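In the working numbering, the protein residues as written are 26 to 373.
Structure, as structure tokens:
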Ligand SMILES: Nc1nc2c(ncn2[C@@H]2O[C@H](COP(=O)(O)OP(=O)(O)O)[C@@H](O)[C@H]2O)c(=O)[nH]1
Ligand SMILES: [Mg+2]
């Protein structure tokens, strides 16, 4: 056995629907990681453009890797194993957090973490599922097979966005969480995913089983390998599209020279009304800013990302925006100073 062998890295899966606050929780946990510990994060977003990596990137003590392109459970073959093995080898983390896409099925991810190849390297601890208590009244959510399995497989169940919930909604969440069987190791409500890092060490109960292990096997028409990334040119971003499971995601990677006007961009991102989620990092002058629109509200904050501007939009497939128009609107937000005579090109 090599002395450098990696063993028993405490590992947690952070699950929950799109927009519930998983990445916010991961950031919050990283900020409160014990001093001197190195944590690693593997994120996977539904879209093909890796924006979460930029969103989580700030904490210096963490290594963040993103596996773009569909859902973790679809990239379960070589891409997940290879990325995970490389992340462990390079980061040699004291803890690993994995955020699968909100539409992904956690059971198969857990299976990979527990399979022979990783059983020694990883010590799988509590799976933490975040839910939005306001949405527990919606049968569309509570009957959703992926949602039910996220809840079923969770050791720790968190009602997040408590600040946006009424007392009645919070009480309903607590009652519903208490009825889960087998009982959860921990139930709590949080704001901005501010979980107590100690909850991560709750025991993972391997007896928790998916109710719908096949729930995810339908409706994909994206490739099962992350697409090779083509190179954008100034004014000619690379566009990536991913559809399936009733969702239509479209993202753009811009050339590092493309800079944007903050105000016009905010207006344009608000204007993509039929997208449920819009997330991007943009260079605006000397600043790099993370724009995040969820449930209609747009937040803007500084980002540690410095590589290129990139954005990802996710919409319901039956009301997806005209992506050509979105691309034109984004390009129109570039700094007026640059490339005044540049020809408009039609995307592939
Ligand atoms: N008001 C409020 N907003 C939150 C809370 N947690 C997360 N958010 C916001 O919800 C949006 C989605 O959060 P994110 O962590 O990216 O969700 P994810 O898709 O599950 O990773 C972001 O704009 C967050 O700032 C919360 O507790 N309260
Ligand atoms: Mg996220």
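Built from N, CA and C at the ideal position, the CB exists for glycine as well.
Just so it is clear, the structure is predicted and the values come from calculations on it, not from any experiment.
In the DSSP assignment, the residues bridged to residue 267 are 274. Here the distance from the Cβ of residue 350 to the nearest heavy atom of ligand 1 is not below 7 Å.
Residue 48 has its CB nearer than 7 Å to a heavy atom of ligand 2.
Between residue 267 and residue 150 a beta carbon distance of about 31 Å is seen, past the 8 Å cut, so the two are scored as non-contacting. At least one heavy atom of ligand 2 falls within 7 Å of the beta-carbon of residue 124.
Per DSSP, the unbroken beta strand (DSSP E) holding residue 91 starts and ends at 87-91. Between the stretch 346-359 and the stretch 259-273, the count of C-beta pairs closer than 8 Å reaches three or more; the two stretches touch. Sequence-distant Cβ neighbours of residue 66 in its own chain, meaning closer than 8 Å and more than five residues away, are 51, 55, 81, 87, 88, 89, 90, 121, 122, 123, 124. Counting along the chain, the unbroken alpha helix (DSSP H) around residue 142 starts and ends at 141-144.
Spanning the alpha carbons of residue 195 and residue 34 requires a straight line of approximately 34 Å.
In this structure, ligand 1 has no non-hydrogen atom nearer than 7 Å to the beta-carbon of residue 233. Under DSSP, the beta-bridge partners assigned to residue 309 are 312. Leaving aside the five residues that flank residue 62 on each side, the residues in its chain whose CB is nearer than 6 Å to its CB run, in chain order, 119. Residue 261 is bridged by DSSP to 258. At a Cβ-Cβ threshold of 8 Å, residue 130 and residue 167 do not count as neighbours. Residue 210 is not a Cβ neighbour of residue 174, given a cutoff of 8 Å.
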